[in-house]
Structures are given as C-alpha cells and as structure tokens.
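The next block holds one structure in the form of structure tokens; read it before the comments.
Numbering (this note's numbering), first residue to last: 741 to 823.
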C-alpha cells in the first residue's frame, strides 16, 4: 500500500528504543522506495499537545491506515528518570 505525505497511520509493532507502542498514531513525513525489498516511511510522532516526541523510519509492513471504527486514547509516555 502507498500512503500520502502527512497522512496519519497506526504503528503495528512496538518501537522500544523510542518508547512507542503498537497502536500509537504517527504522521508520514517521507517515503523511501526500495528497488529490491520493502519500501519504508519516515514518521513523526507527536504527544497530545502537538510536540514532536520521535521521528522514526519503518517498513511499510509496520504501519496501517486509520479506520473509521477506531478512536483515539491517551497513554503516558514513560521517560527514564522522570515520573
């Protein structure tokens, strides 16, 4: 599947090094076509206030589009050294 720039997508897997979890929402900021292998995307992840908390690159198999029967929810981002 090909996504449009700035489209919101859902992560299908945890990204532990960035403290992101399956189900987190991210915004597509760049497309990375690959001639032999799986295409990828750079994603920007925002907190509830709209601040950038991570920029990651993932293969297309790690994301899916938002669906009309889904709703947003809030979770706390665990940051080392902070409560």
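The beta carbon of each residue, even a glycine, is placed where N, CA and C say it ideally should be. The model shown is predicted, which means the values in this text are computed figures rather than measured ones.
In chain order, 796 place their CB closer than 7 Å to the CB of residue 755, counting only its own chain and leaving out the 5 sequence neighbours on each side.
Looking at the backbone, the Cα of residue 787 and that of residue 818 are separated by about 12 Å. Sequence-distant Cβ neighbours of residue 769 in its own chain, meaning closer than 6 Å and more than five residues away, are 782, 784.
The beta-carbon distance between residue 779 and residue 773, rounded to whole angstroms, is 5 Å. This is short enough to meet the 8 Å contact definition.
For the set 757, 766, 760, the Cα lying nearest the Cα of residue 805 is the one of 766. When DSSP states are grouped into helix, strand and coil, residue 799 belongs to the strand group.
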